[in-house]
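*Asks:* Numbers -21 to -1, 1 to 342, taken from mature numbering (1 follows the signal peptide of the UniProt record, and there is no 0), label the letters of the sequence shown in order. Virtual Cβ for every residue (Gly too), placed ideally from N, Cα, C. Have a look at this one.
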Amino acid sequence: LDHLPCCLLLTAAEMIWTTLLQFMMVHVEVYEAHGDIHTRQGSVFMTANAVRTDYLSLEQERRKSPRDSQQLRSNGPSSKPQAAQTTEGTQVAPGTSMVRNRGSLLTMEKGDRKARVETSLLDCRLCFRPLKPPVFQCNGGHSACGTCLVELPGGQCPMCKHGGGGFAPCLAMDGIVSSATIKCSHDGCQSHVTYHEHDDHHSACPHAPCFCTEPGCSFAGPPPALLGHLATLHSWPVHKIEYGKVLWLQVPVSEPRRLLLAEDGGVFLLVVGLLNAITVVSVVCIRASTSPSLQYPAMMWAYGPPDVAGVRCMVDTEAVTSSSKPRDVVAEKLPFVLLVPPTHVFGAGASKELSLEIRVNKM
């Protein structure tokens, strides 16, 4: 062997390596995320977005590694067009960067190109809720949130058949779950929020649907759309209001509901009811839920006819209540109401009216 040329030794070693590879099979497991992915033994061809592959071909690994210093010096930029470049058995879309991580091929974001990830990969394997930092991982690769880990008996992974050992912090997953965003599903909302914060945003989103509960009607939409629906199809009266400014209204008692439209598209309901012999008036914000970061203080005044001039009723509140179903609002059951005695009601019978002033602030 000492007398054989070095090139013959390398050729013989390569033939032995190739023969061994013919007896080996490489299993490739692909998780698909809204794309067509075609697989074959030892390689993956991605026509859309692949989330991950569990193993790479050993042949690919061998070809990626230079065999000697001469090859290292000869390696240079590929002369192939970018669209035609491949990574030895794995065809990748142009402009997509790839990172090896524990034997996996991950498609990453580059520029305006984005990879789609199956959301179940971002969920805790114990409680199945979205993972929040800090994220922990067992030796078997199962991710868990800190809350579940505290409650886990013995700290051992229940997903591993033979025990996955203890969990350790996973900084890589911390970065992924902190940067993975999802678009709000409500019509009209353009917000992209962190995946693990989506539920909180979804319930507090100003574009969350509100509902028409008029008999036989099932319309649902964001507050401005609901206002247009109620005004057009159900003839609800509408008035414009500006935050911080007083709006004067002459309200017939026979029309217990009217809508107020603010300059930013906010919708409010002025509702009138009767509690014993006292007329009650209130204002409600029409939205799907109450956001603690956005409140609407309000004040209301009622003026009487000339014979009680100079006497007015007044009420104020730090925050009006909210409702997603304006027709179901009952004034008598609201915590914030203006009590209007009979002396401050104009007219009689069906022609009774209230002289009101309303001011809504935005905080």
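Can you tell me the Cα-Cα spacing of Asp307 and Pro235, whole angstroms?
*Replies:* 12 Å
*Asks:* Could you have a look at Pro276 and say whether DSSP puts it in helix, strand or coil?
*Replies:* coil
*Asks:* In terms of residue numbering, what span does the alpha helix (DSSP H) encompassing Val156 cover?
*Replies:* 150 to 158
*Asks:* If I measure Cβ to Cβ from Leu228 and keep anything under 6 Å in the same chain, skipping five residues before and after, which residues do I get?
*Replies:* Leu335
*Asks:* Check for me: the alpha helix (DSSP H) holding Leu209 runs from which residue to which?
*Replies:* 202 to 212
*Asks:* Which residues bound the beta strand (DSSP E) around Asp179?
*Replies:* Where Asp179 is concerned, there is no enclosing beta strand (DSSP E), although the alpha helix (DSSP H) it sits in stretches over 177 to 183.
*Asks:* In whole angstroms, what separates the C-alpha of Tyr174 from that of Ala159?
*Replies:* 6 Å
*Asks:* So does the region 279 to 287 actually touch the region 198 to 215, counting three or more Cβ pairs closer than 8 Å?
*Replies:* Because the criterion of three Cβ pairs below 8 Å is not met, the region 279 to 287 and the region 198 to 215 do not touch.
*Asks:* Please report how far the alpha carbon of Phe190 lies from the alpha carbon of Pro201, in whole angstroms.
*Replies:* 9 Å
*Asks:* From the DSSP output, read off the bridge partner residues of Arg236.
*Replies:* Paired residue(s): Val250.
*Asks:* Between the Cα of Met342 and those of Gly125, Gly245, Arg108, Cys103, spot the shortest distance and give me the residue it belongs to.
*Replies:* Gly245
*Asks:* Between which two residues does the beta strand (DSSP E) containing Val308 stretch?
*Replies:* Counting along the chain, Val308 falls outside any beta strand (DSSP E), and DSSP gives it neither H nor E.
*Asks:* Looking only at C-alpha atoms, which of Thr192, Glu221, Lys224, Gly167 sits nearest to Leu212?
*Replies:* Thr192
*Asks:* Per DSSP, Pro109 forms a beta bridge with which residues?
*Replies:* Asp102
*Asks:* Does the region 113 to 126 touch the region 138 to 152, meaning 3 or more C-beta pairs lie closer than 8 Å?
*Replies:* With the cut-off at 8 Å, the region 138 to 152 and the region 113 to 126 touch.
*Asks:* From Cys292 to Pro321, what distance separates their C-alpha atoms?
*Replies:* 12 Å
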